[in-house]
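In my numbering, the protein residues as written are 1 to 371.
Yeah, the Cβ is synthetic: ideal placement off N, Cα and C, and Gly gets one too.
Have a look at this one:
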């Protein structure tokens with residue numbers, strides 16, 4: 001575990017203490033560290049956005065930390081998104097060639113059309129143009145398509161496709177006596193054939209759509225997870241329970257790793273916008289349970305580093321003392337014994353506010369520390 005990661009985990013523990021003064025001091029100290037290239041990833045994986053949302057939502061230093069983190073991450077996401085969307089598009093098209101189109105795909109694409117990110121809009125329009133969906137699903141898109149057809153040529157193509165499909169359906173309803181089978185097929189083929197709508201956008205990502213390396217499936221799965229989770233993130237922000245249910249349904253169709261959920265700050269978004277939704281609340285509980293074993297190992301490694309740091313220092317700073325109290329109150333006996341050892345070595349007097357340590361020390365007078 002690298003130094004910056006250790007400091008992030010230490011900060012995470014201090015955030016869990018809920019002590020605003022200690023949190024501010026710890027964040028100010030953390031801000032002085034050299035920032036590695038993967039800082040955004042490390043902060044997400046330590047779940048700092050959620051911890052700030054839950055434990056320090058009124059702390060100005062904590063809010064500034066997360067805002068700076070999101071600003072940095074938005075730059076990274078802007079660079080990644082074209083590749084993610086291209087992999088998503090190619091994976092969907094490859095599945096379609098084998099006759100597999102997920103039932104929820106049209107709903108996913110419909111939501112993507114409303115994204116502020118033009119890449120998501122354009123990818124949605126490409127797939128809606130090139131795949132076949134029910135007329136009833138496409139007709140509902142017309143108002144949105146007409147709204148931005150001047151901005152996206154793909155929207156105009158989709159409008160044309162929908163209009164031709166309407167004509168074809170109308171012709172199918174004409175009495176069979178007026179049209180023989182060959183004429184009907186010929187008419188449909190003439191007015192609406194797949195070749196009329198199989199044009200694709202120029203690939204601005206620089207990836208050749210016809211070239212698939214051996215890791216393509218891996219890239220598609222990762223891209224699909226990111227797209228689904230980003231859609232869920234946007235729906236959580238609406239606070240609309242019905243839309244949140246739709247987002248949760250779609251995410252349930254893919255096997256999303258915790259890393260991607262953290263990348264899009266799903267736990268923080270649920271805490272801030274969706275605790276009223278039963279499904280979202282259950283998801284939050286499930287994610288916290290999934291994370292417990294991983295955090296147990298991280299806590300042990302972090303505590304060992306904290307202990308070494310304190311033992312090499314002349315005094316115990318207030319943030320570090322708060323951190324020790326947090327371990328005392330929330331971890332098992334093994335941590336308590338290590339904390340007692342550290343406090344005895346440093347000859348630290350425990351004050352009245354540090355209830356957890358005082359109670360333990362009073363029950364173990366042989367330790368010989370002032371309480």
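N- and C-terminal bounds of the alpha helix (DSSP H) containing residue 395: This structure gives no information on residue 395, because the portion of the chain shown stretches from 1 to 371.
Spatially closest choice to residue 138 from 240, 164 and 23, by CA coordinates: 164
Residues of its chain near residue 243, where Cβ-Cβ distance is below 6 Å and the 5 sequence neighbours each way are ignored: 235
Under the three-state DSSP convention, the category residue 31 falls into: coil
Which of helix, strand or coil DSSP assigns to residue 220: helix
Cβ-Cβ distance between residue 106 and residue 227 below 8 Å: no
Residue-chain proximity (residue 283, chain C), Cβ-Cβ < 8 Å: Protein chains in the displayed structure number just one, and chain C is not present.
Residue 204 - DSSP class collapsed to helix/strand/coil: Because residue 204 carries a pLDDT of 44, less than 50, the predicted location of this residue cannot be relied on, and the following value inherits that uncertainty. Residue 204: coil per DSSP, three-state reduction.
Given 8 Å, three or more beta-carbon pairs between the stretch 49–68 and the stretch 14–28: yes
Helix, strand or coil at residue 49 [DSSP, three-state]: helix
Sequence-distant residues of its chain with Cβ nearer than 7 Å to residue 59 (five each side left out): 20, 23 and 24
Simplified DSSP assignment, three categories, for residue 151: coil
Touching by the beta-carbon criterion (3+ pairs, under 8 Å), the stretch 295–308 and the stretch 8–17: yes
Under 8 Å between C-beta atoms of residue 231 and residue 112: yes
Same chain, Cβ closer than 8 Å to residue 31, five either side skipped, listed in chain order: 65
Simplified DSSP state of residue 134, which is helix, strand or coil: coil
Close beta carbons around residue 270, own chain, < 6 Å, minus the five adjacent residues each side: 280 and 284
Where residue 249 falls, given that 16 or more other Cβ within 10 Å makes a residue buried: exposed
Backbone secondary structure at residue 264 - three-state DSSP: coil
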